[in-house]
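A short write-up of the structure that comes next.
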Amino acid sequence: MRARTIREGSVGLLILLGLGLAGGLILWLKGFNPANRSYQATVDFANTGGIQPGAPVRYRGVTVGRVTRVQPAIGSVEVDIEISSADLLIPRNVLIESNQSGFIGEVAIDITPLVELTRSEVDTRPLDPDCDESLIVCDGTRLSGSIGVNFDELIRATLRLTNLLTDPEMSANINSLTKNASDAAAGIAGATEEIAVLSRNVSSLTQAANQELRAVSASTVTTSNAVGQAAAQLGLTANQASELLAANRVALTGTLTNLNATSGQLRQILTDLSPALSREGEVANRLNVTVRNLELLTTNAAQASEAVRNASVSLNNPETVLLLQQTLDAARATFQNTQKITSDLDDLTGDPSFRDDLKRLVEGLGGLVSSTQQLNEQTQIAQQLAPLGAIASVPTKPSAAGVARSPDELPGSLLQLDPPESPADLPAEAAESSLIFDTDSQSADSPFEMKLGN
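Mapped onto the numbering used here, the consecutive letters of the sequence shown carry residue numbers 109 to 562.
Written out as structure tokens, the structure reads:
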């Protein structure tokens, strides 16, 4: 009896022990942990994607709880989740998705925070009665979720893509796009070759242009240096010519003044000779004609002096210098004829006073000739200055006929001397010493010349 009781008691204890182990296993499987309190929240899904109770809940990829209940409703599916640790603070602003992963397509709920929280910002816990639901997820908080990675959605998307690719219109568009891309690639290849050729041509042109630019630059530098040197030489020559012209202009002015004074003296001598000549009868008549000629000569000399004075202003003009030289030659010939006339007058009269007057006339004419020679020298200096300054080119020398036979072209319009009376009209004793003015005999050196004849 005693043994039977022991056996029955042992069986009862074993049954109780098995029931306890089974209950503990069930509680363990359900996550019951008396040492760690948990809190719950409800998530509303439009489509859970196959979530089952017991599915894991992951926070930042770490499993922190499980799904305790899935309850379909009219407009959504309510999924209750349980967070194992009450110390885990989850921000209120989170992204909740149901994702399917793994070989067997296990569905889990992933919680991703959208903001960062620190413990110093939160003073309460999810299980506290005064828990702030605006900051963290509290016990009983209601959240919204969405479906994430799901094989069903992947299959649907693959099916839509397959239908799109098998569409004949889409295939035609793809073929056309491929052909256009091929043509574009061929065009790009041709354009690339042309660009390469153009690039080589541009490179060659650039090198040639650089060489030409270097040559032009060197030539420009050389030309600039040469022009600078020429300008310096021209400036120096111009300065020297200006100085010489200034010095000789003063000398020319003095010469012209002396010529005017000599002309005045000659006029005075002729005035003094007039009373003496009036006493000589027919010889006096001839002498009067000579005096008139001398007066005309004086007038012409004065006009020539004025012309020379005006010519000195434009002394740099080669044509003016040439005309001045012609005038001086004519004056020289005239003064030579005057000397001949003086010698003939000395032979014609033996009056001492007349000879003295004629002597003074010759001296005056000699001074005029010396002044003329000095003026000729100044003219030659001016002619030498013209090529030095490179101011004017040498003009073409006029013909002898144009110089010798055109006395009207001379400065001041030199007048010809009046010819005396014909020897036939004079007495026989006066015909031997008559004055003959030969205006037909002209040379290239002077516009006209007076000759004495018997």
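Idealized CB from N, CA, C, for every residue including glycine.
Endpoints, the beta strand (DSSP E) within which residue i is located
{"i": "residue 258", "result": "Note, residue 258: premise wrong, no beta strand (DSSP E); not H, not E."}
{"i": "residue 220", "result": "214 to 221"}
{"i": "residue 116", "result": "Segment 110 to 137 is the alpha helix (DSSP H) holding residue 116; no beta strand (DSSP E) there."}
{"i": "residue 207", "result": "202 to 209"}
{"i": "residue 176", "result": "170 to 180"}
{"i": "residue 154", "result": "Taken as a continuous stretch (DSSP letters only), residue 154 belongs to no beta strand (DSSP E), as it is neither H nor E."}
{"i": "residue 164", "result": "164 to 167"}
{"i": "residue 252", "result": "249 to 252"}
{"i": "residue 236", "result": "Neither: residue 236 is in no beta strand (DSSP E) and is coded neither H nor E."}
{"i": "residue 191", "result": "185 to 191"}
Sequence-distant residues of the same chain with beta carbon closer than 6 Å to residue i, five excluded per side
{"i": "residue 167", "result": "219"}
{"i": "residue 516", "result": "Low per-residue confidence applies at residue 516: pLDDT is 44, beneath 50, and the placement is therefore not dependable, though the value from the model is reported in the following sentence. Here the set comprises nothing."}
{"i": "residue 562", "result": "Low local confidence applies: a pLDDT of 33 at residue 562 is under 50, so the model's placement there is unreliable, with the coordinate-based value given in what follows. Cβ neighbours of residue 562 beyond the five flanking positions: none."}
{"i": "residue 533", "result": "Because residue 533 carries a pLDDT of 44, less than 50, the predicted location of this residue cannot be relied on, and the following value inherits that uncertainty. Once the five neighbours on either side are set aside, residue 533 has no close Cβ partner at all."}
{"i": "residue 468", "result": "377"}
{"i": "residue 239", "result": "232, 246"}
{"i": "residue 125", "result": "none"}
Proximity winner among the options, relative to residue i (alpha-carbon distances)
{"i": "residue 471", "options": "373, 437, 401, 442", "result": "373"}
{"i": "residue 182", "options": "154, 437, 402, 473", "result": "154"}
{"i": "residue 489", "options": "369, 354, 447", "result": "354"}
{"i": "residue 222", "options": "216, 201, 214", "result": "201"}
{"i": "residue 162", "options": "369, 177, 326, 185", "result": "177"}
{"i": "residue 407", "options": "286, 368, 359, 351", "result": "368"}
{"i": "residue 179", "options": "165, 152, 330", "result": "152"}
{"i": "residue 254", "options": "366, 276, 156", "result": "156"}
{"i": "residue 404", "options": "439, 274, 431", "result": "439"}
{"i": "residue 445", "options": "473, 434, 461, 430", "result": "473"}
{"i": "residue 160", "options": "128, 215, 111", "result": "215"}
{"i": "residue 212", "options": "308, 158, 325", "result": "158"}
{"i": "residue 199", "options": "165, 312, 348, 241", "result": "241"}
{"i": "residue 197", "options": "237, 244, 331", "result": "244"}
{"i": "residue 431", "options": "484, 477, 476, 461", "result": "484"}
Same chain only: Cβ atoms within 7 Å of residue i, ignoring 5 sequence neighbours per side
{"i": "residue 510", "result": "Legend: pLDDT at residue 510 = 38, less than 50; position of this residue unreliable, value from coordinates given subsequently. Around residue 510: no qualifying Cβ."}
{"i": "residue 115", "result": "none"}
{"i": "residue 235", "result": "145, 147, 194, 247"}
{"i": "residue 137", "result": "none"}
{"i": "residue 447", "result": "470, 473"}
{"i": "residue 184", "result": "152, 153, 154"}
Cutoff 8 Å; reference residue i; Cβ partners in own chain excluding five residues on either side
{"i": "residue 150", "result": "186, 187, 188, 189, 248, 249, 250, 251"}
{"i": "residue 146", "result": "139, 173, 190, 191, 192, 193, 194"}
{"i": "residue 480", "result": "367, 436, 439, 440, 443"}
{"i": "residue 224", "result": "199"}
Residue-level contact to chain B via CB, residue i, 9 Å cutoff
{"i": "residue 473", "result": "Absent here is chain B; the protein component of the structure consists of one chain."}
Original post:
Taking contact to mean at least 3 C-beta pairs separated by less than 8 Å, is the region 222 to 234 in contact with the region 257 to 270?
Top reply: no
Original post:
Quick check: the region 170 to 177 against the region 187 to 195, are there 3 or more CB pairs under 8 Å?
Top reply: yes
**OP:** Would you be able to state if there are at least three C-beta pairs under 8 Å between the region 191 to 209 and the region 267 to 278?
**Re:** no
Original post:
Taking the runs of the beta strand (DSSP E) that are 3 residues or longer, which of them lie wholly in the region 282 to 366?
Top reply: none
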